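All remarks here apply to the structure that follows.
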Amino acid sequence: MSFRGLLLGLFAVPVVVGAYFLTEAATAGGTPRCDGIIQEYGDAERSGAMKPGETCDLYDFADGRSAGTRTYEQQRKAQEERAADDYRAGCWWLAYGVAGLAVVTTHLGLKRRG
Numbered sequence: 012m013s014f015r016g017l018l019l020g021l022f023a024v025p026v027v028v029g030a031y032f033l034t035e036a037a038t039a040g041g042t043p044r045c046d047g048i049i050q051e052y053g054d055a056e057r058s059g060a061m062k063p064g065e066t067c068d069l070y071d072f073a074d075g076r077s078a079g080t081r082t083y084e085q086q087r088k089a090q091e092e093r094a095a096d097d098y099r100a101g102c103w104w105l106a107y108g109v110a111g112l113a114v115v116t117t118h119l120g121l122k123r124r125g
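With positions in the sequence shown counted from 1, the corresponding number in the numbering used here is that position plus 11.
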């Protein structure tokens, strides 16, 4: 494998990571999702999509303790902020990868083997 091929491969990774972050942000739905536990009527518990008026118990499954609660509006705002962070991170990763690929293909591509 040539040095140029190695660099192309190394700069392709940030492009893929950036595309992943942008896809995650673009597919984040408008309905808040609770990754913890939503207390329903009685003793019923569930996770998943929330309805207005519900509260999500942010349960930490690793140590078995509650990490706090969020209302429907708080969870929606937290997911919107996460999507904005994913857009920002995705753009940076993608820009870095594309810039690196452009430099490698233009500067290392000019020297031809004789």
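For every residue, glycine included, the Cβ atom is placed at its ideal position computed from N, Cα and C. Treat the numbers as computed from the prediction; the structure is a model and nothing was measured.
Check                                                                                                                                                                                     : Outcome
Any contact of the stretch 18-36 with the stretch 95-108, i.e. 3+ C-beta pairs under 8 Å?                                                                                                 : yes
Consult DSSP for L119 and reduce its assignment to one of helix, strand or coil.                                                                                                          : coil
Strictly by DSSP, which residues pair up with G59?                                                                                                                                        : C45
For the beta strand (DSSP E) that A78 lies in, which residues bound it at each end?                                                                                                       : R76 to T82
With T34 as the anchor, note down where its alpha helix (DSSP H) starts and where it stops.                                                                                               : F14 to A37
Identify, in the order they occur along the chain, each residue of the same chain with its Cβ nearer than 7 Å to the Cβ of Y107, setting aside the five sequence neighbours on each side. : P25
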